[in-house]
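Residue numbers (our numbering), protein chains in the order written: chain A, 1 to 323; chain B, 1001 to 1169; chain C, 2001 to 2100. Glycine is no exception: its CB is placed at the ideal position from the N, C-alpha and C atoms.
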């Protein structure tokens, strides 16, 4: 009986989180269009609802009703599974993310490691999509994406080690508790910069959006996709942006906790920080030109990798001396 | 409860690995192997090795298998699908391998163990599996750990030397 | 908690399936994949023994096996890619001369 209750509570929480995430993601796309439009002195979507507020729903309806094309020469099974393989890891990760002191689906002692492991699977969907489409552009996009995501996963993994050493735990709740006095971003500014650049590359966002570079690869790995399958790729991109922002907030910005002199509930603090992160993501897309492929690899391996190793070394050294 | 999960993972693992051995398309085989690794990670969690389960997914599924897919995509899969997939001595091999499996099982099952002391299985337990692994890895197993790093360095250099194209002078 | 027997049977089945693939298949990449499967069968036995002996050594060995697997994947794939560049094929029956 106890067990059944536990399962039921978990199921309800999962239902809430998955649906809210999808809704928020739909509105993230709207916000992105609006912010970029204003950055370029345009208006953005204005027609559907007040200032285009119902635009995401109209877009979703359109994608849902659109004809779903599978190319003739495509590998059917892999082609259909690829969008699922992109979206599912991005949503599974939410199982361990802490949204506030009390609201989370579960907490496990390998929390952060679980997040890194599961989110490293997103690359499979991209590779599968690129290969199964049986199109040159898609394959090129997939190859680029595989190399880029594998390389930057390494920097992402190394950049979180600094905060981990300070917190002494992989459990995301405990990492937040360890930052009650000082946010780790003040102790670990280098780690945060590397983390943020790696996060941009992991989520295929500008200026590292080479896998889907529309001017050279006509949208890369999802060229051949349409309808709901295309929507899955979009949902997954924004869902994983939110995951990586949450990890950044938990590791460097004190999670759901804010300064004591402003009494706001934990969840509101979390939402504010998440919003700020997402705004920076969009802002960068509106501002920066795209990197060239060899530049991307050079920045990663010749600049960020030594930097992050130095950071780990210094953190260990200083922690041994002073803490 | 746990035992049902074990059978679920075990069944999934056997089915996917069987399919993986028999597929003609290399990409399908690689993707099925990823699924097998997933189920194996599940079994690792049930056996109280959650750190290894995460490493299994991060390293095997997220790293090594992507490397495989990357290389396979550089080749022409269509040609390989059309060629004959099996050596002719299939039946003999099958019988021999069944015998081999039975032998392995017999030898492994030879060892007698006292029943393990019952412990509470929990992913939220502290101190967790990670701490235990870290404590052993950097004390008792420090030398093998360093040797492993040298091995990886050697493999890295070897792979680069093998795969790079000769530069025309 | 599943008994040790079951872990060992599962491990033996995985290992044997890997052996079948290595011996019977003609595609070089599938053979390497099957070697990975064999390693994982062995890993499972190590973890199960470690769990039932209440020792960390089993998990440690798996950790090192994974390092070896990564090295093996890199070298094996480099060799296969090299062969493919020279022969336009990954058929093992065509590359049994020990020379190019």
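For residue i, three-class secondary structure by DSSP
i: residue 327(A); result: Residue 327(A) lies beyond the stretch modelled for chain A, which goes from 1 to 323, so this question has no answer here.
i: residue 76(A); result: helix
i: residue 2093(C); result: helix
i: residue 1129(B); result: helix
i: residue 2025(C); result: strand
i: residue 83(A); result: helix
i: residue 224(A); result: coil
i: residue 2060(C); result: helix
i: residue 276(A); result: helix
i: residue 102(A); result: coil
i: residue 1124(B); result: For residue 1124(B), the predicted model reports a pLDDT of 47, less than 50, meaning its position is unreliable; a value from the coordinates is still stated below. Coil at residue 1124(B), not helix or strand.
i: residue 287(A); result: helix
i: residue 1049(B); result: coil
i: residue 1024(B); result: coil
i: residue 1138(B); result: coil
i: residue 2079(C); result: helix
i: residue 11(A); result: helix
i: residue 1009(B); result: helix
i: residue 1105(B); result: helix
Residues that residue i contacts on chain C, provided the C-beta gap is smaller than 9 Å
i: residue 1094(B); result: 2020, 2024
i: residue 1020(B); result: 2017, 2021, 2030, 2033, 2034, 2037
Residue nearest to residue i in terms of C-alpha spacing, selected from the options
i: residue 61(A); options: 298(A), 227(A), 4(A), 84(A); result: 227(A)
i: residue 204(A); options: 319(A), 234(A), 115(A); result: 234(A)
i: residue 2061(C); options: 2051(C), 2070(C), 2047(C), 2053(C); result: 2047(C)
i: residue 2020(C); options: 2034(C), 2008(C), 2028(C), 2009(C); result: 2034(C)
i: residue 2044(C); options: 1156(B), 1160(B), 1013(B); result: 1013(B)
i: residue 18(A); options: 236(A), 309(A), 310(A); result: 236(A)
i: residue 1023(B); options: 2030(C), 2063(C), 2017(C), 2023(C); result: 2030(C)
i: residue 2073(C); options: 2004(C), 2039(C), 2013(C), 2011(C); result: 2039(C)
i: residue 32(A); options: 82(A), 305(A), 281(A), 297(A); result: 281(A)
i: residue 29(A); options: 42(A), 57(A), 69(A); result: 57(A)
i: residue 255(A); options: 288(A), 172(A), 168(A); result: 172(A)
i: residue 2024(C); options: 1074(B), 1043(B), 1096(B), 1004(B); result: 1096(B)
i: residue 76(A); options: 133(A), 294(A), 201(A), 110(A); result: 133(A)
i: residue 2005(C); options: 2071(C), 2022(C), 2052(C), 2037(C); result: 2052(C)
i: residue 202(A); options: 116(A), 170(A), 260(A); result: 116(A)
i: residue 1072(B); options: 2085(C), 2069(C), 2065(C), 2007(C); result: 2085(C)
i: residue 287(A); options: 259(A), 20(A), 103(A), 39(A); result: 39(A)
i: residue 232(A); options: 26(A), 263(A), 41(A); result: 26(A)
Chain-order list of residues whose beta-carbon lies under 7 Å from that of residue i (same chain, five-residue window excluded)
i: residue 1960(C); result: As shown, chain C starts at 2001 and ends at 2100. That puts residue 1960(C) outside it, with no answer to give.
i: residue 139(A); result: 130, 131
i: residue 245(A); result: 274, 277, 278
i: residue 230(A); result: 63, 222
i: residue 46(A); result: 52
i: residue 194(A); result: 155, 159, 304, 307, 308
i: residue 198(A); result: 152, 155, 156, 159
i: residue 85(A); result: 124, 125, 128
i: residue 293(A); result: 144, 210
i: residue 174(A); result: 167
Same chain, Cβ closer than 8 Å to residue i, neighbours up to 5 away in sequence not counted
i: residue 291(A); result: 207, 208, 210, 299
i: residue 991(B); result: Coverage of chain B is limited to positions 1001 through 1169, which leaves residue 991(B) absent and any answer about it impossible.
i: residue 2013(C); result: 2041
i: residue 249(A); result: 255, 270, 273, 274, 277
Residue i beta carbon near the ligand FMN (any heavy atom closer than 7 Å)
i: residue 171(A); result: Only the bare structure without any ligand can be found here, which leaves the ligand FMN out of the picture.
Amino acids of chain A, ordered along the chain, whose beta-carbon sits closer than 7 Å to that of residue i
i: residue 1013(B); result: Simply none; closest approach about 18 Å.
i: residue 1054(B); result: 110, 113, 114, 117
8 Å Cβ cut-off: residues of chain B touching residue i
i: residue 2009(C); result: 1105
i: residue 251(A); result: The premise fails here: residue 251(A) is roughly 17 Å from chain B at the closest Cβ pair, so nothing lies under 8 Å.
i: residue 123(A); result: 1062, 1066
Contact set between residue i and chain C, taken where Cβ atoms lie within less than 7 Å
i: residue 1171(B); result: It is not possible to answer for residue 1171(B), since the shown part of chain B is limited to 1001 through 1169.
i: residue 1072(B); result: 2029
6 Å Cβ shell around residue i - same chain, five flanking residues per side excluded
i: residue 24(A); result: none
i: residue 1048(B); result: none
i: residue 13(A); result: 105
Neighbouring residues, chain B, relative to residue i (Cβ below 9 Å)
i: residue 146(A); result: 1066, 1067, 1069, 1070, 1073
i: residue 2087(C); result: Those do not exist, as residue 2087(C) stays about 11 Å from chain B at its closest Cβ, beyond 9 Å.
i: residue 2095(C); result: In chain order: nothing, as chain B lies at least about 13 Å away.
Per-residue contacts from residue i into chain C (C-beta, under 8 Å)
i: residue 1151(B); result: 2067, 2068, 2071
message: Along the region 1131-1145 of chain B, where does the CB come closer than 7 Å to a CB of chain C? Name the residues.
response: The region 1131-1145 of chain B vs chain C, Cβ under 7 Å: 1132, 1133, 1136, 1137, 1141, 1144.
message: Along the region 1030-1043 of chain B, where does the CB come closer than 8 Å to a CB of chain C? Name the residues.
response: For the region 1030-1043 of chain B, which is checked against every Cβ of chain C, the residues closer than 8 Å are 1030, 1033, 1036, 1037, 1040, 1043.
Positions along the region 199-210 of chain A whose CB lies within less than 7 Å of some CB in chain B: Of all residues in the region 199-210 of chain A, none comes within less than 7 Å of chain B when Cβ atoms are compared.
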